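Taken in order, the sequence shown gives residues 0 to 127; the numbers are from numbering that gives the first Met the number 0.
Cβ atoms here follow ideal geometry from the backbone N, Cα and C, with glycine treated the same way.
If you're wondering where the values come from, they're calculated on a predicted model, not measured in any experiment.
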Amino acid sequence: MSAPQSRVINAVVLTAGLMEKTVKVRVGGQKWNKHVRKYFNHPKTYLVHDPRSSLRAGDIIEISSGWRVSKSVRHVVSRIVAPFGEPIEARPSVMTEVERLEERRKKKEAKDLRRAKVGTEEEIKESA
């Protein structure tokens, strides 16, 4: 069963390489001022998960909502629209959704296996 398609947002990378596997991006937006009766630019910043650290500051990317990686990281990189500086071929590739799902499944299986081993050892100690 596949998850519903999430909204894809274009964003500009502000900082990259300062946090491990995470970049800060700016998404454009506008806000209505009722007194002046005019829209003003009101950008938002998000922290985005970059699993392979393939982004550089200045890149234009597409992001989509993903699993919550930490308290403030809720989005994941979908693809690089326009690279800035180093070409895309010289960087690690951006993970596809299928690759992200497979990695998550493997991590979950490894965690379940570790917990099962710990559980059996505890049961042996209790029974002895």
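Item, Value
"Would Val24 and Leu13 qualify as a contact pair, given that the criterion is a beta-carbon distance under 8 Å?", "yes"
"Taking the alpha carbon of Glu61 as the reference point, which residue from Arg67, Pro82 and Arg103 has its own alpha carbon closest?", "Pro82"
"Could you pull the start and end residues of the beta strand (DSSP E) that Glu85 belongs to?", "That residue, Glu85, is in no beta strand (DSSP E); it is neither H nor E in DSSP."
"Check whether the stretch 88-102 and the stretch 49-66 are in contact - that is, three or more C-beta pairs closer than 8 Å.", "yes"
"Quick check on Asp111: buried or exposed, where buried means 16 or more other Cβ atoms within 10 Å of its Cβ?", "exposed"
"Along the beta strand (DSSP E) that carries Ala15, what are the first and last residues, could you check?", "Val7 to Met18"
"Let me confirm a value: Ser77 is counted as buried when at least 16 other C-beta atoms fall within 10 Å, else exposed. Which label applies?", "buried"
"Can you grab the Cα-Cα spacing for the pair Glu108 / Val68, in whole Å?", "18 Å"
"Go ahead and pull the three-state DSSP assignment for Ala81.", "strand"
"By the 10 Å Cβ neighbour count, where 16 or more other Cβ atoms means buried, how is Thr21 classified, buried or exposed?", "buried"
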